[in-house]
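Asks:
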Amino acid sequence: MSPTAVGILAVVAFLILMLLRMPIAVSLGLVGVVGFSYLNTPNAAFRLIASDFYNTFASYTLSVVAMFVMMGFLAYYAGLGQKLYSVAYRIMGRVPGGLAMSSVLACVVFGAVCGSNPATTATIGSIAIPEMRKYKYKDTLSTGSIAASGAIGAMIPPSVIFIIYGTSTQISVSRLFLSGIIPGLLLALFYIITIWILVKRNPELAPIQLTETGEYKKEKIEAEGLLEVGIVFVVSLGGLFAGWFTPTEAGAIGAAGVLVITLIRRQIDWKGISLALRATTRTTAMIMFLIAGATIFGRLVAVSRIPFALATYVGNLEMPNIVIILITMVIYLVLGTFLDTIPCILLTIPIFYPVIVEQLGNDPIWFGVFILMVSSMGVVTPPVGINVYVVKGLVKDIPIETIFRGVMPFLLAAFILTLLIIVFPQIATFLPNLLLGP
-9 MSPTAVGILA
1 VVAFLILMLL
11 RMPIAVSLGL
21 VGVVGFSYLN
31 TPNAAFRLIA
41 SDFYNTFASY
51 TLSVVAMFVM
61 MGFLAYYAGL
71 GQKLYSVAYR
81 IMGRVPGGLA
91 MSSVLACVVF
101 GAVCGSNPAT
111 TATIGSIAIP
121 EMRKYKYKDT
131 LSTGSIAASG
141 AIGAMIPPSV
151 IFIIYGTSTQ
161 ISVSRLFLSG
171 IIPGLLLALF
181 YIITIWILVK
191 RNPELAPIQL
201 TETGEYKKEK
211 IEAEGLLEVG
221 IVFVVSLGGL
231 FAGWFTPTEA
241 GAIGAAGVLV
251 ITLIRRQIDW
261 KGISLALRAT
271 TRTTAMIMFL
281 IAGATIFGRL
291 VAVSRIPFAL
301 ATYVGNLEMP
311 NIVIILITMV
321 IYLVLGTFLD
331 TIPCILLTIP
341 IFYPVIVEQL
351 GNDPIWFGVF
361 ILMVSSMGVV
371 TPPVGINVYV
381 VKGLVKDIPI
391 ETIFRGVMPF
401 LLAAFILTLL
411 IIVFPQIATF
421 LPNLLLGP
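Under this note's numbering, the first residue of the sequence shown is numbered -9, with each subsequent residue one higher.
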């Protein structure tokens, strides 16, 4: 059997194992070891396991993941999500559909601190959905806006997904962080406009417009600690962009700053710290195992020469660049329906990066934003859509079909923005080129 055929068979085997509910990291590693053993020797494959697992867990570059994940969980257990939602309500609450718009803003800010799509969706959703239902918002709008908005935070720095993409492709994490700001804010704006259009066309979706009087008058903003955490956030990322800190140092400063401020403000107790540390350990270990498994799988892909065969095939097609990118977009959308963003990116980078970036000459920063946009659309796309199932866990009485129906207008908005990023790559590359040079 040819190496390329072995590589293709390995991809199919991975998908089958994943559908059989084997953990993704184990599936990637197992298929990688078996395939590498076939193409080389079993001894070489087992040496590969030892070296790749050690190099992953001992990587100084990847230690930044633990720091930013800890920062997010400390913010989560300190209850900053509730405060962010209160501030967002004061900004958008009196606009028709304002509670849904407030949810979008809260997801952007909390997602930037947290860096996890499901955690952002669960945190803001647990606060916002009961409020929207209290004010008779239709379930499609309340659940759809939360499920879709939970994925925006992955675009805003510090994004764990950008860190993983950067370390996998040897691209500057600082440039990737900057590249996600404009697309992330534009996506939030598109979602707010989508809510406005939906409510304008059908006022029944959000029948009650909130005012300063009545029940909400007694709900004052309790934003203690938000300003200080915001300052820590700006110092951490500002120092990273200015070159004062490495990504790991910036993450450590951010995590330590959030911990100190929330302790001083008595917003978190020792139980909360313990829960945050446990959650950080679980999440970081999961990500590291995924990266180690994907690294082994990536070595199999490399020796099977799939990227070379794919690049040769694409070169012979004589298709325009944009057509190949659109085909890649469809593939990522399909994969995103049953794969979470991190494993999706880890699985596909060894295959598509050499073709899209090295063969076709596209900007690697732009490609990172592109695949993150498309993969994030997958977390709300049927039939899986992990964010949709997170929302379903919050509101068990709402049918899953209702939530999927609610996210469709937001999927359309995200699709339009993705097309704009394809046509105008400067949306992603302008800010890093402006601040850090081309």
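Don't be surprised by glycine CBs; every beta carbon is placed ideally from N, CA and C.
By Cβ distance below 6 Å, which residues in the same chain neighbour Met60 in space, the five residues on each side in sequence not counted?
Replies: Counting only Cβ-Cβ distances below 6 Å, and skipping sequence neighbours, we find Ala245, Thr270.
Asks: Please identify the residue among Ile254, Arg289, Arg295, Thr338 whose C-alpha is closest to the C-alpha of Leu5.
Replies: By alpha-carbon distance to Leu5, the top candidate from Ile254, Arg289, Arg295, Thr338 is Thr338.
Asks: By how many angstroms is the C-alpha of Met12 removed from the C-alpha of Leu401?
Replies: 29 Å
Asks: Would you give the residue range spanned by the alpha helix (DSSP H) that Trp186 belongs to?
Replies: 163 to 191
Asks: Assign Glu202 to one of three DSSP states: helix, strand, or coil.
Replies: Reliability of the predicted coordinates at Glu202 is poor, the pLDDT of 47 falling under 50, and the value obtained from them is presented with this limitation in mind. DSSP places Glu202 in coil when its eight states are reduced to three.
Asks: Exposed or buried, Thr203, counting other C-beta atoms within 10 Å across all chains shown (16 or more means buried)?
Replies: Per-residue confidence for Thr203 stands at a pLDDT of 43, beneath the threshold of 50, marking its modelled position as unreliable; the derived number appears in the next sentence. Exposed: under 16 other Cβ atoms inside 10 Å.
Asks: For Phe414, is the classification buried or exposed, using 16 other Cβ atoms within 10 angstroms of its Cβ as the cut-off for buried?
Replies: exposed
Asks: Consult DSSP for Glu348 and reduce its assignment to one of helix, strand or coil.
Replies: If DSSP states are grouped into helix, strand and coil, Glu348 belongs with the helices.
Asks: Answer yes or no: do Ile161 and Gly358 have a C-beta to C-beta separation smaller than 9 Å?
Replies: yes
Asks: CB-CB under 8 Å to Tyr322, same chain, minus the five flanking residues each way: which ones, in chain order?
Replies: Cys334, Thr338, Ile361, Val364, Ser365, Gly368
Asks: Would you tell me roughly how many angstroms separate the C-alpha atoms of Gly22 and Ala284, rounded to the nearest one?
Replies: 8 Å
Asks: Return the chain-ordered list of same chain residues with a C-beta closer than 6 Å to the C-beta of Val380, the five sequence neighbours on each side being excluded.
Replies: Cβ within range, chain order: Pro108, Thr111, Ala112.
Asks: Relative to the C-alpha of Val513, which residue among Thr371, Lys382, Asn306, Gly156 is closest?
Replies: Because the chain spans -9 through 428 in this model, residue 513 falls outside it and cannot be assessed.
Asks: By the three-class DSSP mapping on this structure, what secondary structure does Gly22 have?
Replies: Helix at Gly22.
Asks: Can you tell which of Tyr303, Ala282, Pro428, Ala418 has the C-alpha that lies nearest to the C-alpha of Leu20?
Replies: Ala282
Asks: How do the stretch 45 to 65 and the stretch 243 to 260 stand: do at least 3 beta-carbon pairs fall below 8 Å, yes or no?
Replies: yes
Asks: Keeping to the same chain, check which residues put their C-beta closer than 6 Å to that of Met475; ignore five residues upstream and five downstream.
Replies: In the structure as shown, the chain starts at -9 and stops at 428, and residue 475 therefore has no counterpart that could be examined.
Asks: Note the first and the last residue of the continuous alpha helix (DSSP H) segment covering Gly423.
Replies: At residue 423 the sequence reads Asn, which differs from the Gly that was named. Run containing Asn423: 416 to 426, per the alpha helix (DSSP H) assignment.
Asks: Determine the direct distance from the alpha carbon of Ile263 to that of Ile114, and round the result to whole angstroms.
Replies: Rounded to the nearest angstrom, the two C-alpha atoms are 20 Å apart.
Asks: For the alpha helix (DSSP H) that Arg123 lies in, which residues bound it at each end?
Replies: 107 to 124
Asks: So, is Trp260 buried or exposed, given that buried needs 16 or more other C-beta atoms within 10 angstroms?
Replies: exposed
Asks: Determine, using beta carbons only, whether Phe152 and Leu426 come nearer to each other than 9 Å.
Replies: no
Asks: Please classify Ala141: does DSSP put it in a helix, a strand, or coil?
Replies: coil
Asks: Could you tell me whether the Cβ atoms of Cys97 and Gly69 are closer together than 9 Å?
Replies: Judged by beta-carbon spacing, Gly69 lies beyond the 9 Å limit of Cys97, meaning their Cβ atoms are not closer than that value.
Asks: Would you kindly work out how many angstroms separate the C-alpha atoms of Ile341 and Thr(-6), rounded to a whole number?
Replies: 12 Å
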